[in-house]
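Student:
This is the structure:
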């Protein structure tokens with residue numbers, strides 16, 4: 001365990017603004033482990049693995065569809081030829097395999113995953129309602145043994161503003177391949193969800209962000225030392241095909257690349273009650289849905305969604321294949337439209 005150090009010096013000049021955010025009706029939902037199922041681990045550890053949210057064979061078929069999507073670009077990628085596992089042969093991505101461009105959030109198989117009954121049911125248990133809306137999130141396909149990926153750092157962070165109090169959002173990863181200790185994936189600082197508010201109460205909160213997603217906060221090494229001194233430790237979350245990994249957005253986390261033999265294939269999904277949408281939220285989501293845009297994880301309030309711009313390739317030129325329109329569009333149905341917020345629950 002890392003040795004704790006004092007953090008006072010870096011906070012001495014910080015101002016702590018008065019609370020300006022409205023109380024959140026679900027803020028205390030995971031204060032105590034009172035559920036008698038996996039939700040108790042979500043409360044105490046900050047994460048949980050919901051086993052078999054999707055049947056394993058179905059999850060592996062989604063993995064196949066993601067590989068087919070990768071191979072559909074005329075860039076020369078061949079899953080069976082490791083010499084093509086390079087940026088020049090792949091759609092533009094970040095951190096070794098995270099995809100947010102190309103209309104990825106609205107591909108047919110990505111929507112099929114969101115509409116899986118087991119995925120919806122898990123989020124219904126989180127919130128206590130099955131009237132849900134979803135984020136328009138990306139996905140990840142990380143190939144092992146790549147040598148051309150630059151180290152972009154770990155980005156230890158939480159996807160929640162440090163000005164919020166209590167539980168606010170539950171994030172999810174739908175796992176589509178066997179994922180063990182060496183296969184890359186999610187690292188969580190176990191138990192940090194229960195301590196973040198105390199941390200900022202002690203050390204102060206800096207001013208509000210004026211750019212980028214509101215619900216994002218990155219932690220320095222020195223800040224992390226305080227959590228280590230309180231007993232928190234980093235844990236690599238392992239899962240099987242079809243498992244759903246859920247974590248409290250207050251939980252500090254980051255992503256690691258595979259260093260074994262297997263590829264890591266996942267999609268990101270985050271659902272919340274439709275009742276939390278404001279009229280403004282609905283309009284932002286409507287524009288994003290109709291224009292195949294992605295959003296940040298939180299599917300309500302302070303939604304961050306950029307207009308489409310082609311991803312930039314390594315030669316500095318826009319990728320001609322990133323039109324912003326998904327290569328394969330989903331078939332619209334009532335479940336999808338309700339999750340998108342385009343159709344109201346009765």
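Numbering (full-length UniProt numbering), first residue to last: 1 to 346. Heads up, the beta-carbon is just placed ideally off N, CA and C, and yes, glycines get one too.
1) Quick one: give me the first and last residue of the alpha helix (DSSP H) that residue 222 is part of.
2) Leaving aside the five residues before and after residue 317 along the sequence, list all residues of the same chain whose C-beta is less than 8 Å from its C-beta, in chain order.
3) Give me the Cα-Cα distance between residue 78 and residue 275, rounded to the nearest whole angstrom.
4) Whose CA, out of 26, 49, 28 and 74, lies closest to the CA of residue 37?
5) Does the region 119-127 come close enough to the region 259-279 that 3 or more CB-CB pairs lie under 8 Å?
6) Please state whether DSSP places residue 88 in a helix, a strand or coil.
7) So, residue 119 versus residue 27, is the Cβ gap smaller than 7 Å?
8) Between 263, 75, 231 and 298, which lies nearest to residue 195 when the distance is taken from Cα to Cα?
9) Check whether the region 286-294 and the region 160-171 touch, using three or more Cβ-Cβ pairs below 8 Å as the test.
10) Which term fits residue 250, buried or exposed, when burial requires 16 or more other beta carbons within 10 angstroms of its beta carbon?
11) Verify whether the separation of the beta carbon atoms of residue 319 and residue 326 is less than 7 Å.
12) In three-state terms, what does DSSP make of residue 99?
13) When you compare the CB positions of residue 84 and residue 299, do they come within less than 7 Å of one another, or not?
14) If you reduce the DSSP assignment to three classes, tell me which class residue 54 lands in.
15) Using only the alpha-carbon positions, how far apart do residue 283 and residue 147 sit?
16) Verify whether the separation of the beta carbon atoms of residue 155 and residue 254 is less than 7 Å.
17) In chain order, what residues of the same chain lie with their CB nearer than 7 Å to the CB of residue 348, ignoring the 5 residues before and after it?
18) Which of helix, strand or coil does DSSP assign to residue 82?
19) Do residue 143 and residue 263 come within 7 Å of each other at the CB atom, strictly closer than that value?
20) Which full runs of the beta strand (DSSP E) of 3+ residues lie inside the region 268-324, going along the chain?
21) State the Cα-Cα distance for the pair residue 248 and residue 321, rounded to the nearest angstrom.
22) Looking at C-beta atoms only, is the number of pairs between the region 220-229 and the region 96-105 that lie closer than 8 Å three or more?
Tutor: Based on what the coordinates show:
1) Residue 222: member of the alpha helix (DSSP H) spanning 221-229, first to last residue.
2) There are no such residues.
3) Going by the C-alpha atoms only, they are around 45 Å apart.
4) Residue 37 has its Cα closest to that of 49, out of 26, 49, 28 and 74.
5) In this structure the region 259-279 lies against the region 119-127, because at least three pairs of beta carbons, one per stretch, are closer than 8 Å.
6) Three-state result, residue 88: helix.
7) It is not a contact, given that the beta carbons lie outside the stated cut-off.
8) If we check each option's Cα against that of residue 195, 231 comes out closest.
9) No: the two stretches stay apart, fewer than three of their Cβ pairs being nearer than 8 Å.
10) Result: buried.
11) It is not a contact, given that the beta carbons lie outside the stated cut-off.
12) When DSSP states are grouped into helix, strand and coil, residue 99 belongs to the strand group.
13) Going by C-beta atoms, residue 84 is not nearer than 7 Å to residue 299.
14) Assigned with DSSP and collapsed to three states, residue 54 falls in coil, not helix or strand.
15) Using only the alpha carbons, I get a separation of about 43 Å.
16) Less than 7 Å separates the beta-carbon of residue 155 from that of residue 254.
17) No answer is possible for residue 348: the residues shown for the chain start at 1 and end at 346.
18) If DSSP states are grouped into helix, strand and coil, residue 82 belongs with the helices.
19) Closer than 7 Å, so yes.
20) If we require 3 residues or more, the beta strand (DSSP E) runs fully inside the region 268-324 come out as 271-273.
21) The alpha-carbon atoms of residue 248 and residue 321 are separated by roughly 35 Å.
22) No: fewer than three Cβ pairs fall under 8 Å.
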